[in-house]
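Student: Chains as they are written, first to last, in this note's numbering: chain A, 44 to 342; chain B, 25 to 582; chain C, 379 to 485. Take a look at this one; I'll ask things after.
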Amino acid sequence: MASHADTHEHYHQPGLQHQFEDMKQQEESVSIGMWLFLVQEIMFFGGLFTVYLVFRSKFPIAFAAGSNHLDAFWGGLNTLVLIVSSLTMALTVYYAQRGNRNMQVIMIVLTMLFGATFLGVKAIEYTDKYNHGTIPVDGWNKKTKKGEKPEHASIVLPFETKVSAAEAKPGAEEHPYVNERGVFQITEHDLELVAQEKDTLTESERIGYYSGDVLDPAKFRDKIRIFFWIYFVMTGLHALHMIIGLGLMAWLLWKAWTNTFSADYYMPVEMSGLYWHFVDIVWIFLFPLLYLLGRHFLH
Amino acid sequence: MQNADVIGADFPKEPKVNYLTNGTTLKSWLLTKDHKRIAIMYLISVSVFFFMGGLYASAIRLELLTPESDLMQSGTYNKAFTQHGILMIFFFLIPSIPAILGNFLLPIMIGAKDLALPRVNLLSLYLYWIGGALTLFSLMQGGVDTGWTFYTPYSTTFSNTFVMAVGLGIFINGFSSILTGLNFIVTVHTMRAPGMTWFRLPLFVWAQYATSLVMILGTPVIAITILLLAIERVARVGIFDPSIGGDPILFQHLFWFYSHPAVYIMILPGMGVISELISNFSRKKIFGYEFIAFSSIAIAVFGFLVWGHHMFVSGQSIYAGLVFSFLTMVVAVPSAIKMFNWTATLYKGSILWDTPMLYAIGFMGLFLIGGLTGLFLGSMGLVVHLTDTYFVVAHFHYVMVGGQVIAYLGGIHYWWPKMTGKMYSEFWGKISAMLVFIGFNLTFFPQFILGYQGMPRRYASYPEELQVLNIFSTAGASVLGVGLLMPVVYLMHSLFYGKDAGDNPWMLPGLEWRTSSPPPTENFETTPIVTWEAYEFGEESGLDLEEAKRREAITTVR
Amino acid sequence: MSDNHDEHQHMNIPKYLGIFGILVVGTIATYFAATIDMDWIFPGANTLVALIIAFTKMSFVMLFFMHVYWSSKLIWLSAIASFFWLAIMFAFTMQDYVTRGTGIFSV
Ligand code: HEM
Ligand SMILES: [Cu+2]
Numbered sequence: 044m045a046s047h048a049d050t051h052e053h054y055h056q057p058g059l060q061h062q063f064e065d066m067k068q069q070e071e072s073v074s075i076g077m078w079l080f081l082v083q084e085i086m087f088f089g090g091l092f093t094v095y096l097v098f099r100s101k102f103p104i105a106f107a108a109g110s111n112h113l114d115a116f117w118g119g120l121n122t123l124v125l126i127v128s129s130l131t132m133a134l135t136v137y138y139a140q141r142g143n144r145n146m147q148v149i150m151i152v153l154t155m156l157f158g159a160t161f162l163g164v165k166a167i168e169y170t171d172k173y174n175h176g177t178i179p180v181d182g183w184n185k186k187t188k189k190g191e192k193p194e195h196a197s198i199v200l201p202f203e204t205k206v207s208a209a210e211a212k213p214g215a216e217e218h219p220y221v222n223e224r225g226v227f228q229i230t231e232h233d234l235e236l237v238a239q240e241k242d243t244l245t246e247s248e249r250i251g252y253y254s255g256d257v258l259d260p261a262k263f264r265d266k267i268r269i270f271f272w273i274y275f276v277m278t279g280l281h282a283l284h285m286i287i288g289l290g291l292m293a294w295l296l297w298k299a300w301t302n303t304f305s306a307d308y309y310m311p312v313e314m315s316g317l318y319w320h321f322v323d324i325v326w327i328f329l330f331p332l333l334y335l336l337g338r339h340f341l342h
Numbered sequence: 025m026q027n028a029d030v031i032g033a034d035f036p037k038e039p040k041v042n043y044l045t046n047g048t049t050l051k052s053w054l055l056t057k058d059h060k061r062i063a064i065m066y067l068i069s070v071s072v073f074f075f076m077g078g079l080y081a082s083a084i085r086l087e088l089l090t091p092e093s094d095l096m097q098s099g100t101y102n103k104a105f106t107q108h109g110i111l112m113i114f115f116f117l118i119p120s121i122p123a124i125l126g127n128f129l130l131p132i133m134i135g136a137k138d139l140a141l142p143r144v145n146l147l148s149l150y151l152y153w154i155g156g157a158l159t160l161f162s163l164m165q166g167g168v169d170t171g172w173t174f175y176t177p178y179s180t181t182f183s184n185t186f187v188m189a190v191g192l193g194i195f196i197n198g199f200s201s202i203l204t205g206l207n208f209i210v211t212v213h214t215m216r217a218p219g220m221t222w223f224r225l226p227l228f229v230w231a232q233y234a235t236s237l238v239m240i241l242g243t244p245v246i247a248i249t250i251l252l253l254a255i256e257r258v259a260r261v262g263i264f265d266p267s268i269g270g271d272p273i274l275f276q277h278l279f280w281f282y283s284h285p286a287v288y289i290m291i292l293p294g295m296g297v298i299s300e301l302i303s304n305f306s307r308k309k310i311f312g313y314e315f316i317a318f319s320s321i322a323i324a325v326f327g328f329l330v331w332g333h334h335m336f337v338s339g340q341s342i343y344a345g346l347v348f349s350f351l352t353m354v355v356a357v358p359s360a361i362k363m364f365n366w367t368a369t370l371y372k373g374s375i376l377w378d379t380p381m382l383y384a385i386g387f388m389g390l391f392l393i394g395g396l397t398g399l400f401l402g403s404m405g406l407v408v409h410l411t412d413t414y415f416v417v418a419h420f421h422y423v424m425v426g427g428q429v430i431a432y433l434g435g436i437h438y439w440w441p442k443m444t445g446k447m448y449s450e451f452w453g454k455i456s457a458m459l460v461f462i463g464f465n466l467t468f469f470p471q472f473i474l475g476y477q478g479m480p481r482r483y484a485s486y487p488e489e490l491q492v493l494n495i496f497s498t499a500g501a502s503v504l505g506v507g508l509l510m511p512v513v514y515l516m517h518s519l520f521y522g523k524d525a526g527d528n529p530w531m532l533p534g535l536e537w538r539t540s541s542p543p544p545t546e547n548f549e550t551t552p553i554v555t556w557e558a559y560e561f562g563e564e565s566g567l568d569l570e571e572a573k574r575r576e577a578i579t580t581v582r
Numbered sequence: 379m380s381d382n383h384d385e386h387q388h389m390n391i392p393k394y395l396g397i398f399g400i401l402v403v404g405t406i407a408t409y410f411a412a413t414i415d416m417d418w419i420f421p422g423a424n425t426l427v428a429l430i431i432a433f434t435k436m437s438f439v440m441l442f443f444m445h446v447y448w449s450s451k452l453i454w455l456s457a458i459a460s461f462f463w464l465a466i467m468f469a470f471t472m473q474d475y476v477t478r479g480t481g482i483f484s485v
């Protein structure tokens, strides 16, 4: 909301727009408007979650296998990073309500810092996917010839997933990583998982993974690819929302810097806060649903 | 403005500054925050899309004059009906009543100076323009041929037309509709004038409110669906193409989750207009106000539970089909409630046969047929025979054209004097209303029979036995076309040569008739205080009853 | 406006930190819960637990960070309604998939 209004006879206060009688009416309208915007955001992401729900319930093992390629350490770290940024965002509102300019500025800067950290970690993860051939589009992955040494973007960390840890270990040289055309690839571990869970497969899995009675790696790969497609769309859209959020924060920073907000006028801070928290909430669900869903299959 | 106690047909002696004359530069229009100016800009742009959609319709009907596909090849024909559908549904019908009449009237009807979020309103107009321009541009580049439903995997994998660009246009336009809905809900909650309680709101406002609920809850889902479709088209992998493990029926679920409720975006506002017209032109308090108000909300809610009736033969499970079929029957109840209440309102009313009322009566007949044939299509057994035939085409044209378009025209005629301050020719108004009614029936009634006889939709050719009815249909379309073009002429004419309408030409009590025509930028000179119930025609309303009687005597047929 | 001014009294820094602590604990709990195999209870038990924790975390964020707790009924309503509509979308889509039976259409 802009901080000025057209000159008008009802001009009582800075920040009051001409169509309203008083600040209370304006604040009410703006906050209902923001909440309705969030409702539409929820339905927007809701479509994605429906897609997730349908495919996950059709192909649970493929999803578990795909999920085990994700790095729960980075995912978990990012969850924490976002939670901290949510705290600093909440504190921004708190200080804006008290008209404390300096603390507002500090909190906004911190929020932006954590937001940027989140995006940085996402970039690391995406690079890792690129290096390991798990970007679902053929040709969009790193192309490695026979004999070339694969690079591992991620270091081996305590929570590193079993799959990528196995690959990263020195012994992994037995299965040299070759991907000449940068296609989407799955590993033997994934196929092992189907064998391990053979007795609990659903009807659609039995049709979806097998040709007749034999496990068909190509068909199974297609289902894991669907997991990664959903992963990239969901996290990508979430990251886009983060970027928009950072834009909002930059604007807020400038406003706070010029001392715009006070106990009487802090709606822009509060509204941006709602948006930021919403983006955090989406991640709260994405983390377990994408990163952790197959974890308990690893024995 | 009028004398505070009595409102009547006041003819202003000297022109006052109104929203049209307050600033005449292009900038004062393009950067306006006035809901009335935004509505006028919507009126012009929506009419352009209506006209373009109409051109495609004429092409389709011409092609179907003969059994062979001679005028167009099948490929061209596919593009023609697709583009007709996309322009009419997304760029004409959905914004028509909400963005034009709703924008103009909602704040006035509740006694507010403007919508709660005027800048958001302007933004939604711009989004509409951007989305529309993108769509028009891609239509000129070669267009799309997927049908307005964009069914996968044809749209993701096989069609090599401009699916992406048009999809993006619809995506952007969707946010225009979301923002309009958001704005309306906020406005109704926070901007009502003192004394304007929820149950004093005109039913038009209730209808807009219900529509807005659907816009906010449904439209984002079509947005994400189109986005997923687009990503799949670019990446050539995805979730809808069965050859790589995807699920085309999931697309249909997501698409119809929005698009069935969207048909209520396309009828609820019309129902709101009709409630206004029926009550005001019978000079009788509407029968069962609460029932009509809540039936709008009920339609908005239950409308979300029936989408599967578009998928009976798609491979959806029989059990789901049963549930959706049953709920489809249920959702017809609130619409029926409205029909009964309107009829009861007409009973013993003193009916004024002005042009808007002709449209309203036409609506009741046509929507009745449209709604009832919807029930045929909602019965799981019968639909196996009828689905994807011209029966469906006739059904949805009866509700969309016979319902919403007729209501829209009725509304435009009804509020035209308020919007422009000028009165159009009543004679030509009546002629065009009747031409539209006759032309419409002649066009679409034969299609019920054609469909029943098995003529499939979306084909450029058909068996020779069916030609007679198709000729009727094309002939009817010409009459309909003339009927629809006439208002453009006499309404434009009225702008320059029409007589001044006065503030309250119909002698009605609603708030919009208590300000000058055209209204000033801030709508009312002082914030009105509402002390009367909706649709009050007696002493309490403050109407000049003598004057109202005199008017009644001229136009009533008993 | 007075409502908003009252709200100043509801939250203070220790309370914000408390909520933050709950969220951190929730995150860690999610991770470890996911490593335990709960399929022996019923298939999908892990997911259920993960979702319960996520819902709890979300509730804390919404109620306190987003101040829903002190907000008007309308805001409560819109928050609840959006989840209700999500539930409609999930339930009515899934009622199709879970009742497909066997055969060619079951995929
Ligand atoms: C009384 C309420 C209604 C019922 C029970 C009903 C029922 C149905 C059913 C079952 C179908 C699917 C037919 C098929 O494809 O086999 C259908 C199609 C359609 N209906 Fe309705 N309907 C109703 C009202 C409306 C309204 C108010 C509108 C729009 C204003 C509308 C617009 C449409 C459209 C556009 C289609 C065709 C969609 C397509 O496949 O392209 N309907 N209706
Ligand atoms: Cu429908």
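Idealized CB from N, CA, C, for every residue including glycine.
Please report how far the alpha carbon of E216 (chain A) lies from the alpha carbon of D171 (chain A), in whole angstroms.
Tutor: Walking along the first sequence from the start, residue 216 (chain A) turns up at place 173. Walking along the first sequence from the start, residue 171 (chain A) turns up at place 128. For E216 (chain A), the predicted structure reports a pLDDT of 45, less than 50, and the residue's modelled location is therefore unreliable. A value from the coordinates is still provided. Their backbone Cα atoms lie some 18 Å apart in a straight line.
Student: Tell me which same chain residues have a C-beta within less than 8 Å of the C-beta of N424 (chain C), skipping the five on either side of it?
Tutor: By one-based count along the third sequence, residue 424 (chain C) stands at place 46. Correct list, in chain order: A411, A412, I414, D415, M416, D417.
Student: Check whether the segment 492 to 506 of chain B touches the segment 450 to 468 of chain B, taking contact to mean three or more Cβ pairs, one atom from each stretch, closer than 8 Å.
Tutor: Cβ pair count under 8 Å is three or more, so yes.
Student: Let me see if you follow: with CB-CB separation under 8 Å, is D474 (chain C) close to chain B or not?
Tutor: On the third sequence, position 96 is the one that residue 474 (chain C) refers to. Closer than 8 Å: yes.
Student: Does S267 (chain B) pass the burial test, meaning 16 or more other C-beta atoms within 10 Å, or should it be called exposed?
Tutor: The sequence position of residue 267 (chain B) within the second sequence is 243, counting from 1. That one is exposed.
Student: Report yes or no: is there a C-beta of chain C within less than 8 Å of the C-beta of Y343 (chain B)?
Tutor: Locating residue 343 (chain B) in the second sequence gives position 319, counting from the first residue. Chain C, which has a Cβ nearer than 8 Å to the Cβ of Y343 (chain B), makes this yes.
Student: Is it the case that the CB of S120 (chain B) approaches a heavy atom of ligand 1 more closely than 7 Å?
Tutor: Working through the second sequence from its first residue, we reach residue 120 (chain B) at position 96. Checking every heavy atom of ligand 1 against the Cβ of S120 (chain B), none is found closer than 7 Å.
Student: Would you mind telling me which residues of chain B sit closer than 9 Å to M467 (chain C), beta carbon to beta carbon, in chain order?
Tutor: By 1-based counting over the third sequence, the position of residue 467 (chain C) is 89. By Cβ distance, chain B contributes V245, H277, L278, F281, F328.
Student: Using the Cα positions of M146 (chain A) and Y138 (chain A), report the straight-line distance between them to the nearest angstrom.
Tutor: Walking along the first sequence from the start, residue 146 (chain A) turns up at place 103. Walking along the first sequence from the start, residue 138 (chain A) turns up at place 95. Roughly 6 Å separates the two Cα atoms.
Student: Should H421 (chain B) be listed as close to ligand 2, given that the test is whether its C-beta is under 7 Å from any heavy atom?
Tutor: Against the second sequence, residue 421 (chain B) aligns to sequence position 397. Every heavy atom of ligand 2 is 7 Å or more from the Cβ of H421 (chain B), so no.
Student: How should F398 (chain C) be labelled, buried or exposed, when 16 other C-beta atoms within 10 angstroms of its C-beta is the threshold for buried?
Tutor: Looking up residue 398 (chain C) in the third sequence gives position 20. Buried, because 16 or more other Cβ atoms sit within 10 Å of the Cβ of F398 (chain C).
Student: Once the 5 residues before and after P213 (chain A) are set aside, which same chain residues still bring their CB inside 7 Å of it?
Tutor: Here the question's residue 213 (chain A) lines up with position 170 in the first sequence. Reliability fails at P213 (chain A), whose pLDDT of 47 lies under 50, so the model's placement of it is uncertain and the value that follows must be treated cautiously. Closer than 7 Å at the Cβ level, and outside the excluded window around P213 (chain A), lies no residue.
Student: Please tell me whether F208 (chain B) and Y233 (chain B) are closer than 8 Å, where the distance is taken between their beta carbons.
Tutor: Translated into the one-based positions of the second sequence, residue 208 (chain B) becomes position 184. Translated into the one-based positions of the second sequence, residue 233 (chain B) becomes position 209. Taking 8 Å as the Cβ cut-off, F208 (chain B) and Y233 (chain B) qualify as a contacting pair.
Student: So for P552 (chain B), helix, strand or coil by DSSP?
Tutor: In the second sequence, counting from the first residue as 1, residue 552 (chain B) sits at position 528. Note: P552 (chain B) maps to coil in three-state DSSP.
Student: Helix, strand or coil for P480 (chain B) per DSSP?
Tutor: The residue labelled residue 480 (chain B) in the question sits at position 456 within the second sequence. In this structure, P480 (chain B) counts as strand in the three-state DSSP scheme.
Student: At a cut-off of 7 Å, would you count M363 (chain B) as near ligand 1, judging by its Cβ distance to the nearest heavy atom?
Tutor: Locating residue 363 (chain B) in the second sequence gives position 339, where the first residue counts as 1. M363 (chain B): no, Cβ never under 7 Å from ligand 1.
Student: Does DSSP put L258 (chain A) in a helix, a strand or coil?
Tutor: For the purposes of this step, residue 258 (chain A) is identified with residue 215 of the first sequence, where counting begins at 1. Looking at L258 (chain A) - three-state DSSP - the assignment turns out to be strand.
Student: Return the CA-CA distance between T369 (chain B) and F305 (chain B), expressed in angstroms with no decimal places.
Tutor: Mapped onto the second sequence, residue 369 (chain B) falls at position 345. Mapped onto the second sequence, residue 305 (chain B) falls at position 281. Roughly 10 Å between the two C-alpha positions.
Student: For V408 (chain B), is the classification buried or exposed, using 16 other Cβ atoms within 10 angstroms of its Cβ as the cut-off for buried?
Tutor: Taking the second sequence and counting its residues from 1, the one referred to as residue 408 (chain B) is at position 384. That one is exposed.
Student: By DSSP, does S485 (chain B) sit in helix, in strand, or in coil?
Tutor: The count along the second sequence starts at 1 and reaches residue 485 (chain B) at position 461. Three-state result, S485 (chain B): coil.
Student: Under the three-state reduction of DSSP, which class applies to D419 (chain A): helix, strand or coil?
Tutor: It is not possible to answer for residue 419 (chain A), since the shown part of chain A is limited to 44 through 342.
Student: At 8 Å on the CB atoms, spell out the chain C contacts of Q232 (chain B), in chain order.
Tutor: As a working mapping, residue 232 (chain B) is identified with position 208 in the second sequence. None at all; the shortest Cβ gap to chain C is about 17 Å.
Student: Would the C-beta of H277 (chain B) count as close to ligand 2, meaning under 7 Å from any of its heavy atoms?
Tutor: Position 253 of the second sequence holds residue 277 (chain B). Every heavy atom of ligand 2 is 7 Å or more from the Cβ of H277 (chain B), so no.
Student: Just list the residues that DSSP pairs Y253 (chain A) with in beta bridges.
Tutor: Counting from 1 along the first sequence, the entry for residue 253 (chain A) is found at position 210. In DSSP, Y253 (chain A) forms a bridge with A:L258.
Student: Quick one: measure Cβ to Cβ for A317 (chain B) and L227 (chain B), integer angstroms, because I've assumed they're closer than 8 Å.
Tutor: As a first step, residue 317 (chain B) must be located in the second sequence, where it is residue number 293. As a first step, residue 227 (chain B) must be located in the second sequence, where it is residue number 203. Confirmed, Cβ separation roughly 6 Å.
Student: I'd like to confirm something about V330 (chain B): is its beta-carbon nearer than 7 Å to some heavy atom of ligand 2, or not?
Tutor: Sequence index remark: in the second sequence, residue 330 (chain B) carries index 306 (1-based). Checking every heavy atom of ligand 2 against the Cβ of V330 (chain B), one is found closer than 7 Å.
Student: Kindly list, in the order they appear in chain A, the residues whose Cβ is closer than 7 Å to that of T413 (chain C).
Tutor: On the third sequence, residue 413 (chain C) is found 35 positions in, with the first residue counted as 1. In chain order: R338, H339.
Student: What are the boundary residues of the alpha helix (DSSP H) that P441 (chain B) is part of?
Tutor: Mapped onto the second sequence, residue 441 (chain B) falls at position 417. Its alpha helix (DSSP H) spans residues 430 to 444.
Student: The alpha helix (DSSP H) with G156 (chain B) in it runs from where to where?
Tutor: Your numbering for residue 156 (chain B) matches position 132 in the second sequence. Note, G156 (chain B): alpha helix (DSSP H), 142 to 165.
Student: Any idea if E71 (chain A) is buried or exposed, counting beta-carbon neighbours within 10 angstroms, 16 or more meaning buried?
Tutor: Residue numbering aside, residue 71 (chain A) sits at position 28 when the first sequence is read from its first letter. It counts as buried.
Student: Please state whether the Cβ-Cβ distance between G337 (chain A) and A108 (chain A) is less than 8 Å.
Tutor: Sequence index remark: in the first sequence, residue 337 (chain A) carries index 294 (1-based). Sequence index remark: in the first sequence, residue 108 (chain A) carries index 65 (1-based). Yes. Within cutoff.
Student: In whole angstroms, what is the alpha-carbon distance linking T204 (chain A) and V276 (chain A)?
Tutor: Sequence index remark: in the first sequence, residue 204 (chain A) carries index 161 (1-based). Sequence index remark: in the first sequence, residue 276 (chain A) carries index 233 (1-based). At T204 (chain A) the pLDDT is 47, less than 50, meaning the model places this residue with poor confidence; the figure from the coordinates comes in the next sentence. If I take the Cα positions, the gap works out to 22 Å.
Student: Roughly how many angstroms lie between the CA atoms of V199 (chain A) and F116 (chain A), to the nearest whole one?
Tutor: Looking up residue 199 (chain A) in the first sequence gives position 156. Looking up residue 116 (chain A) in the first sequence gives position 73. Because V199 (chain A) sits at a pLDDT of 42, beneath the cut-off of 50, its placement in the model cannot be relied upon, and the point is left open.
Student: Pick out whichever of B:R260, B:L141, B:A254, B:F128 has its Cα sitting closest to the Cα of W183 (chain A).
Tutor: Position 140 of the first sequence, counted from the start, is the residue given in the question as residue 183 (chain A). Considering only alpha carbons, the answer is B:R260.
Student: Where are the alpha helix (DSSP H) runs, 4 residues long or more, that stay fully inside the segment 39 to 65 of chain B, in chain order?
Tutor: For the segment 39 to 65 of chain B, whole alpha helix (DSSP H) runs of length 4 or above, ordered along the chain, are 50 to 54.
Student: Is V287 (chain B) near ligand 2, judged by its Cβ being under 7 Å from some heavy atom?
Tutor: The residue labelled residue 287 (chain B) in the question sits at position 263 within the second sequence. Yes - ligand 2 has a heavy atom lying nearer than 7 Å to the Cβ of V287 (chain B).
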